[in-house]
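Peer 1: For the sequence shown, our numbering assigns the number 101 to the initial residue and increments by one for each residue that follows.
Don't be surprised by glycine CBs; every beta carbon is placed ideally from N, CA and C.
Dropping the structure in here first, questions after.
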Amino acid sequence: MSIPSPSTFLLAPVRKFRAKRTRIAVERLVGNSTAFTDAESIRSEQLRRLNIVWAEACGRVPRYASLLRRGEVPQHFESLEQFQTSVPMTTRDELRNGIGDFTDPIHTPSAHRATGGSTSEPIRFPVCDKEVESTGAAVWLARRWIGVEPDDTLF
């Protein structure tokens with residue numbers, strides 16, 4: 101029998117804790133999505149959630165608050181199609197030159213991400229803790245589909 105190295109021995113509890121936390125986040129993500137099984141209930145829930153996020157964005161994000169104030173966008177959407185046709189497309193230049201206009205000041209960035217830079221001009225944007233956590237859960241949900249669990253040894 102071999103004795104584990106000190107780093108393995110000390111990191112094992114941390115790995116188990118992270119795996120458990122990740123499993124809980126994945127279950128929360130799965131639990132939030134399984135209640136809607138038919139296309140109409142999915143679209144209805146998407147519209148409901150869009151209107152919640154839109155109200156928050158128009159109240160706090162400078163770009164959308166300005167569009168609403170000028171009457172260029174509605175306060176509430178009756179359909180997903182109305183959102184697609186009434187909210188102007190954001191260009192890469194608008195993001196690159198004024199990311200602060202698209203940022204909710206209530207959320208303090210905990211990290212930054214960047215686009216891949218396929219145009220040779222990557223865009224760097226802030227992300228908050230909640231986004232980092234939900235993205236991690238989504239990654240592990242996808243890994244679960246191919247049989248990989250959070251506490252599996254990958255390499």
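#1: Tell me which residues share the same chain as residue 200 and place their Cβ nearer than 8 Å to its Cβ, disregarding the 5 neighbours each side in the sequence.
#2: Note down, in chain order, each residue of its chain lying with its Cβ closer than 7 Å to the Cβ of residue 224, except the 5 sequence neighbours on either side.
#3: Let me check one thing: in DSSP terms, what residues is residue 332 bridge-paired to?
#4: Measure the alpha-carbon distance for residue 174 versus residue 238 and round it to whole angstroms.
#5: Note the first and the last residue of the continuous alpha helix (DSSP H) segment covering residue 169.
#6: Quick one: what's got a C-beta closer than 8 Å to residue 119's C-beta in the same chain, skipping five residues either side?
#7: Identify which residue in 145, 146, 147, 172 has its Cα closest to the Cα of residue 158.
#8: What are the boundary residues of the alpha helix (DSSP H) that includes residue 251?
#9: For residue 190, count the other beta carbons within 10 Å of its own beta carbon; 16 or more makes it buried, fewer makes it exposed. Which is it?
#10: Would residue 202 pass as a contact of residue 150 if the rule is Cβ separation under 8 Å?
#11: Spatial neighbours of residue 196 within its chain, please: CB distance less than 8 Å, with the 5 preceding and 5 following residues excluded, ordered by chain position.
#12: Helix or strand or just coil, what does DSSP make of residue 175?
#13: What is the DSSP secondary structure of residue 235, reduced to helix, strand or coil?
Peer 2: Working from what's here:
#1: The residues are 162.
#2: Only 212, 214 meet the Cβ criterion.
#3: What the structure shows of the chain is the stretch from 101 to 255, and residue 332 is not part of that stretch, so it cannot be assessed.
#4: Distance between the alpha carbons of residue 174 and residue 238: 31 Å.
#5: Looking at the DSSP string, the run of the alpha helix (DSSP H) that includes residue 169 is 162–169.
#6: Taken in chain order, the residues that qualify are 249, 250, 251.
#7: Taking only the C-alpha atoms, the option nearest residue 158 is 172.
#8: Run containing residue 251: none; DSSP gives neither H nor E here.
#9: Its Cβ having fewer than 16 others within 10 Å, residue 190 is exposed.
#10: Going by C-beta atoms, residue 202 is not nearer than 8 Å to residue 150.
#11: So the qualifying residues of the chain are 221, 223.
#12: Coil at residue 175, not helix or strand.
#13: Helix, per DSSP.
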